[in-house]
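Chains as they are written, first to last, in my numbering: chain F, 7 to 489; chain L, 39 to 262. Written below as structure tokens is the structure these notes are about.
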Amino acid sequence: MVWLMPIPALLAALWSRWLPGARWVTVLAALLGFALALVGAHNILHGQNLPTPQSWIGLDALGAVFALLTAFLGVTASLYSGPYIAHHLAHVADPRAGLRRYYVYFNLFLASLLAVPLMQQPALAWVTVELTTLFSIFLVGFDGSKPALEAAWKYAVITIMGATVAALGFFLLLWGLQRAGGGPQTFAALVQASPLMNPLLRKVAFALILFGFGSKIGLVPIHTWLPDAHSQAPTPVCALLSGIEVSLILYVVMRLLPVFIGIPGLHLEHWLSVIGLVSVGVAAFLLLQVHDYKRLFAYSTVEHMGILMTALGLGKIAAYPVVLQVLTHALTKSLAFYAAGIVLVITGTREISAVRGLLRKRPWTAALLLAAALAIAGAPPFAVFSSEFAILRAAAAGGDYVSLVLLATFIIIAFAGILIQGNHMVFGEPSPAVASAVHGPRGLQWVAVLALLPVLVLGLWMPAPLSQLLHAAARQLTGGLAP
Amino acid sequence: MTASVLLSLNTLVAVLFLLTAFMMISARQAQAVLYLYVGQGLLLAASTMLLAAHFASPELVIVAAITLLAKPIAIPLLINRLLSPALRRRRELSSVLGIPVALIIALLLAVVAYAVARPQVAGQDPAAATNLSIGLVVTLLGVFLLAIRREALPQLFALMTIDNGVFFAGIAITTSSALVEFAAALEGVMVVMIVALLARTIALTLGSTDTGEMTALRERERKP
Numbered sequence: 007m008v009w010l011m012p013i014p015a016l017l018a019a020l021w022s023r024w025l026p027g028a029r030w031v032t033v034l035a036a037l038l039g040f041a042l043a044l045v046g047a048h049n050i051l052h053g054q055n056l057p058t059p060q061s062w063i064g065l066d067a068l069g070a071v072f073a074l075l076t077a078f079l080g081v082t083a084s085l086y087s088g089p090y091i092a093h094h095l096a097h098v099a100d101p102r103a104g105l106r107r108y109y110v111y112f113n114l115f116l117a118s119l120l121a122v123p124l125m126q127q128p129a130l131a132w133v134t135v136e137l138t139t140l141f142s143i144f145l146v147g148f149d150g151s152k153p154a155l156e157a158a159w160k161y162a163v164i165t166i167m168g169a170t171v172a173a174l175g176f177f178l179l180l181w182g183l184q185r186a187g188g189g190p191q192t193f194a195a196l197v198q199a200s201p202l203m204n205p206l207l208r209k210v211a212f213a214l215i216l217f218g219f220g221s222k223i224g225l226v227p228i229h230t231w232l233p234d235a236h237s238q239a240p241t242p243v244c245a246l247l248s249g250i251e252v253s254l255i256l257y258v259v260m261r262l263l264p265v266f267i268g269i270p271g272l273h274l275e276h277w278l279s280v281i282g283l284v285s286v287g288v289a290a291f292l293l294l295q296v297h298d299y300k301r302l303f304a305y306s307t308v309e310h311m312g313i314l315m316t317a318l319g320l321g322k323i324a325a326y327p328v329v330l331q332v333l334t335h336a337l338t339k340s341l342a343f344y345a346a347g348i349v350l351v352i353t354g355t356r357e358i359s360a361v362r363g364l365l366r367k368r369p370w371t372a373a374l375l376l377a378a379a380l381a382i383a384g385a386p387p388f389a390v391f392s393s394e395f396a397i398l399r400a401a402a403a404g405g406d407y408v409s410l411v412l413l414a415t416f417i418i419i420a421f422a423g424i425l426i427q428g429n430h431m432v433f434g435e436p437s438p439a440v441a442s443a444v445h446g447p448r449g450l451q452w453v454a455v456l457a458l459l460p461v462l463v464l465g466l467w468m469p470a471p472l473s474q475l476l477h478a479a480a481r482q483l484t485g486g487l488a489p
Numbered sequence: 039m040t041a042s043v044l045l046s047l048n049t050l051v052a053v054l055f056l057l058t059a060f061m062m063i064s065a066r067q068a069q070a071v072l073y074l075y076v077g078q079g080l081l082l083a084a085s086t087m088l089l090a091a092h093f094a095s096p097e098l099v100i101v102a103a104i105t106l107l108a109k110p111i112a113i114p115l116l117i118n119r120l121l122s123p124a125l126r127r128r129r130e131l132s133s134v135l136g137i138p139v140a141l142i143i144a145l146l147l148a149v150v151a152y153a154v155a156r157p158q159v160a161g162q163d164p165a166a167a168t169n170l171s172i173g174l175v176v177t178l179l180g181v182f183l184l185a186i187r188r189e190a191l192p193q194l195f196a197l198m199t200i201d202n203g204v205f206f207a208g209i210a211i212t213t214s215s216a217l218v219e220f221a222a223a224l225e226g227v228m229v230v231m232i233v234a235l236l237a238r239t240i241a242l243t244l245g246s247t248d249t250g251e252m253t254a255l256r257e258r259e260r261k262p
């Protein structure tokens, strides 16, 4: 039944095209999707309806973590969309047409995101990944302003290029599978057949997929489009893009890691570590000089993807921390964008330098922004602290001191960068933009509080079923990691 | 036709296909790039047809038919409709590198890529070996082309050149999964449609498709 997960959003997209009430239909569809994801996760914990090596669609433990996160972010983003988009389109000549366009693409985008973790065939996973890009292009350029169109163009050209190059890697793997005796073209069959494949073929496929999907994940040096696209889109879309879309691409790479592990002459773990550390380092220094607070959180996504890549390079010991980090990052990053979105709505500016002294004028918004900045920077007691700490501990336990020292240094620099900028916005005398701030829709703050809850709770206490699911996902992930 | 004639015809098509990628790098007019793309599509369809005969694969005949309809016919018509001002413009296309320099770099890239790819496919089916190595080289040249072009329209054609390169390799190695290629072909048309629409919106909003002039989004010194 889990295969139904993207269907409500798909129906909501059709509804939004022709019928009124798109706002609440979208929320309802997102809630249905979340309910289905919960059912899927429940089934996995009880060992029911697991995908067989033949099935082309299904949900396993690792996929369930991503599906749950996507569906949860879908709920908060759809709730946030209502007041945000209404406010955004308040001064447009024909707000109806704008609303219709927004909800059609939003629902299509959400449906494609929910489809990715369901796909058990690499070719289908590639197609759904490409669909997430195609549907989000118009959301990124939704504003129609010059910077939004610029961001949309860069996003389209670079990520479609990446996906196309990765497609060649997928073709090569499927060819290798066929020559190794065929079978169903699923991830499971691919992993099973990989020792029989020509190592050179696997190497070329690895290079193509790493370059291609690396550009979609936003790894340095092909990250330039990410801060543009992830900051120009309407805020709820930013939350989905930065919170889960890039992680879903990383998920497809994680599914393929067992195919690439143990290729003679290719130290997979070193590649992952080096690329990860370069991304974290570059992002950490860019965080110090960024001037737009939505870009600040977008760069933090580059940083977190780098942390995840580095952690994958640490090997089996870091499997659980990786899964935990995916979870905490998605929840926290969506919160960060929701908080930033409120500031944008009330002040009308994205410039960090123009926003000062929020605390005096708008204490609740200021508190939310400060909590979001602390949480995403990795301060205790928030959830990201626990996962980042777990990764660093795994590096220490595995004896990988180079990664440990570099990663810790970069995380501290990024922490400082985010907090310096956050401080500037929250404390001090109110700047003119803040002094003349308007009253935003109340609903936005409630959604941000809703998004803050799991960030706070999971930092202190992990419910047993969620912990079981994360451990099951981690066990599945260890198959692709170095010992 | 005998098998060897088929194979040598396919090699000829592959060489011409590679040539179109180089000519795209050296093209100075938007119209010329379009014609080259049409040629590329025809060659891709021809190679698919030859491989269909070589592997005796009915699925590949379908793929060839779709390719023939989509790449040299439907997509150029679509682009002509959506972006005709950009296509008609007689101004020289701007490029980050001068054409001679770009060609030399492209040649070096191609030689290196071919030298790396060729030994890996040695001993495989000869048709697969040809298509795989040429497809890889054209993909790489497409990425290079994308990096050096500054306007939306040639960037779009560079994207489609990458797509063609991937497809050229794909038809030789996934004979048993026409479904995958069918999906990829449809996907390709969709991608072109969406990117062309975006380029049109940019042209209408900004009055130019020179994406090299789009530099609003980058980190600059913070204003005091």
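Where is the CB? At the ideal position from N, CA and C, for every residue including glycine.
Suppose the cutoff is 7 Å on Cβ atoms and the five residues either side in sequence are ignored; what does the same chain contact list for E136 of chain F look like? A169
Look at the alpha carbon of S142 of chain F and the alpha carbon of A346 of chain F, and state the distance between them as a whole number of angstroms. 20 Å
If contacts are defined as beta-carbon pairs under 8 Å, then Q158 of chain L and L206 of chain F qualify, I think. What distance do you get, rounded to the angstrom? 5 Å
Of the choices F:G182, F:M167, F:F148 and F:Q198, whose alpha-carbon is the least far from that of L236 of chain L? F:F148
On the three-pair Cβ rule with 8 Å, is the stretch 50-69 of chain F touching the stretch 93-105 of chain F? no
Counterpart residues of I63 of chain F in DSSP-defined beta bridges: DSSP output for I63 of chain F lists F:M125 as bridge partner(s).
Alpha carbon of V181 of chain L to alpha carbon of H430 of chain F, nearest angstrom: Between V181 of chain L and H430 of chain F, the C-alpha separation is close to 41 Å.
Which residues of chain F have a Cβ atom closer than 8 Å to the Cβ of M228 of chain L, listed in chain order? Listed along chain F are L140, each with a C-beta nearer than 8 Å to that of M228 of chain L.
Alpha carbon to alpha carbon, what distance is there between L57 of chain L and G485 of chain F? 44 Å
To the nearest angstrom, how far is the alpha carbon of M7 of chain F from that of L17 of chain F? 17 Å
The stretch 176-191 of chain F in contact with the stretch 152-166 of chain F per 3-pair CB rule at 8 Å: no
With a cut-off of 8 Å, does the C-beta of W62 of chain F fall near any C-beta of chain L? no
Taking only the alpha-carbon atoms, compute the straight-line gap between A414 of chain F and A457 of chain F and give it to the nearest angstrom. 27 Å
Under 8 Å, do G104 of chain F and A73 of chain F count as touching if we go by C-beta distance? no
Quick one: measure Cβ to Cβ for L410 of chain F and L398 of chain F, integer angstroms, because I've assumed they're closer than 8 Å. Indeed they touch by this definition, with Cβ atoms about 6 Å apart.
Chain F partners of I200 of chain L, CB-CB under 8 Å? M167, T170 and V171
Would you say T58 of chain L lies against chain F (beta-carbon separation less than 8 Å)? no
V265 of chain F beta carbon less than 8 Å from that of I352 of chain F: no
Please say whether A239 of chain F and L232 of chain F have beta carbons closer to each other than 8 Å? No, Cβ-Cβ distance for L232 of chain F and A239 of chain F is not below 8 Å.
Quick one: residues in its chain with C-beta nearer than 8 Å to the C-beta of A497 of chain F, no 5 flanking neighbours on either side, listed in chain order? Outside the shown range of chain F (7 to 489) lies residue 497 of chain F, about which nothing can therefore be said.
Candidates L:V175, L:M87 and L:R127: closest to L146 of chain L by CA position: L:V175
Which residues in chain L sit within 7 Å of L450 of chain F, going by Cβ to Cβ distance? Per Cβ cutoff of 7 Å: no residues; L450 of chain F is ~25 Å from chain L at best.
Taking 8 Å as the CB-CB cut-off, is T243 of chain L touching chain F? Cβ-Cβ to chain F under 8 Å: yes for T243 of chain L.
I'd like to know if I211 of chain L contacts chain F, where contact means its C-beta is closer than 8 Å to some C-beta of that chain. yes
For Q69 of chain L, decide whether its Cβ has a neighbour in chain F, counting only Cβ atoms nearer than 8 Å. no
Can you give me the start and stop residues for the alpha helix (DSSP H) that D201 of chain L sits inside? Element bounds for D201 of chain L: A190 to I211.
Looking at the structure shown, is E259 of chain L part of a helix, part of a strand, or coil, going by DSSP? Only weak support is given to the placement of E259 of chain L: the predicted model assigns it a pLDDT of 48, under 50, and the value that follows is read from those uncertain coordinates. Reduced to three states, the DSSP call for E259 of chain L is coil.
Name the two residues that bound the continuous alpha helix (DSSP H) containing T49 of chain L. Start and end: A41 to S64.
Output the distance between the C-alpha atoms of Y299 of chain F and I348 of chain F, rounded to the nearest integer angstrom. 12 Å
Grouping DSSP H, G and I as helix and E and B as strand, with all else coil, what is S2 of chain L? The structure shown does not extend to residue 2 of chain L, since chain L is modelled only from 39 to 262, so the question has no answer here.
Tell me which same chain residues have a C-beta within less than 6 Å of the C-beta of L225 of chain F, skipping the five on either side of it? I281 and S285
DSSP three-state label for E357 of chain F, please. strand
Verify whether the separation of the beta carbon atoms of E156 of chain F and D66 of chain F is less than 8 Å. no
Option nearest Q67 of chain L by Cα separation, candidates L:A190, L:L131, L:V229 and L:L98: L:L131
Helix, strand or coil for D100 of chain F per DSSP? coil
Closest to Q482 of chain F by C-alpha separation, out of F:A117, F:A317, F:A70 and F:S393, would be which residue? F:A70
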